[in-house]
Ligand SMILES: [Zn+2]
């Protein structure tokens, strides 16, 4: 079962989180890339975004920023926003609140941003509240692209993304090797279409 969009009842559990920018007056899209930086994928994404004068938001893993600091800097100098995705990719439902907060705080030592995206979107209420108290701004999404799912046919995914994307949508893509075979084919197609439709691409 795929959940491209987060159900409304789920949203009510997390007051003050960012889900979309549907009230935008201009035709903007908010592309986000999770799990990087990665030397095998980030340079491609940055070059492609540059071609479209697109700004995006990269929710990075602290461990990857620690390993590839120059690549992280390159994301920033390209004018993109950065966000915290945890030091490790922890599932909040399977982690104590204390360990969860420690994981986010440790990553904050490498990622200077208050934006925080929970890995898998799985975060307990207690973890959410504690994060907010520490000044983090949680950011979920309005559309998960499932770019990491190689078993899902490309044309079907593209059709779904086209159907569900509108002005103000926050889309999740992945700056990861698992998603890359799909992403490198599909993202250029989407960017070209969206550009023709008059969209601009903005960082959060
Ligand atoms: Zn992730």
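In this note's numbering, the protein residues as written are -9 to 194.
Glycine included, every Cβ here is placed at the ideal spot set by N, Cα and C.
The structure presented is a predicted model; accordingly, all values stated were derived computationally and were not measured.
Indicate whether residue 107 and residue 22 have their beta-carbon atoms separated by less than 9 Å.
The count along the chain shown starts at 1 and reaches residue 107 at position 117. The count along the chain shown starts at 1 and reaches residue 22 at position 32. Yes, these two residues count as a Cβ contact at 9 Å.
Buried or exposed: where does residue 3 fall if 16 or more other Cβ atoms within 10 Å of its Cβ makes it buried?
Here residue 3 is taken as the residue at index 13 of the chain shown, counted from 1. Counting Cβ neighbours within 10 Å, residue 3 comes out exposed, since fewer than 16 surround it.
Please list, in chain order, all residues of the same chain as residue 128 whose beta carbon is under 6 Å from its beta carbon, the five residues on each side excluded.
Locating residue 128 in the chain shown gives position 138, counting from the first residue. Contacts found: 7, 106.
Check for me: the beta strand (DSSP E) holding residue 48 runs from which residue to which?
What you label residue 48 is simply residue 58 of the chain shown in a count that begins at 1. Element bounds for residue 48: 47 to 50.
Residue -1: buried (16+ other C-beta within 10 angstroms of its C-beta) or exposed?
Taking the chain shown and counting its residues from 1, the one referred to as residue -1 is at position 9. Exposed is the call here.
Run through the stretch 31 to 94 for me and flag every whole beta strand (DSSP E) of 3 or more residues, listed as ranges in chain order.
Annotation note: the stretch 31 to 94 contains the following uninterrupted beta strand (DSSP E) runs of length 3 or greater, listed N- to C-terminal: 47 to 50, 71 to 74.
Using the Cα positions of residue 101 and residue 117, report the straight-line distance between them to the nearest angstrom.
Position 111 of the chain shown, counting from 1, holds the residue named residue 101. Position 127 of the chain shown, counting from 1, holds the residue named residue 117. If I take the Cα positions, the gap works out to 19 Å.
Could you tell me which whole alpha helix (DSSP H) segments of length 4 or greater appear in the stretch 137 to 161?
Taken in chain order, the complete alpha helix (DSSP H) segments of 4 residues or longer contained in the stretch 137 to 161 are 144 to 154.
For residue 24 versus residue 144, is the C-beta distance shorter than 9 Å?
Numbered from its first residue, the chain shown carries residue 24 at position 34. Numbered from its first residue, the chain shown carries residue 144 at position 154. Contact: no.
Sufficient close CB pairs (3 or more, under 8 Å) joining the stretch 125 to 142 to the stretch 168 to 176:
These segments touch.
Run through the DSSP bridge pairs and tell me what residue 127 is partnered with.
Looking up residue 127 in the chain shown gives position 137. DSSP lists 105 as partners of residue 127.
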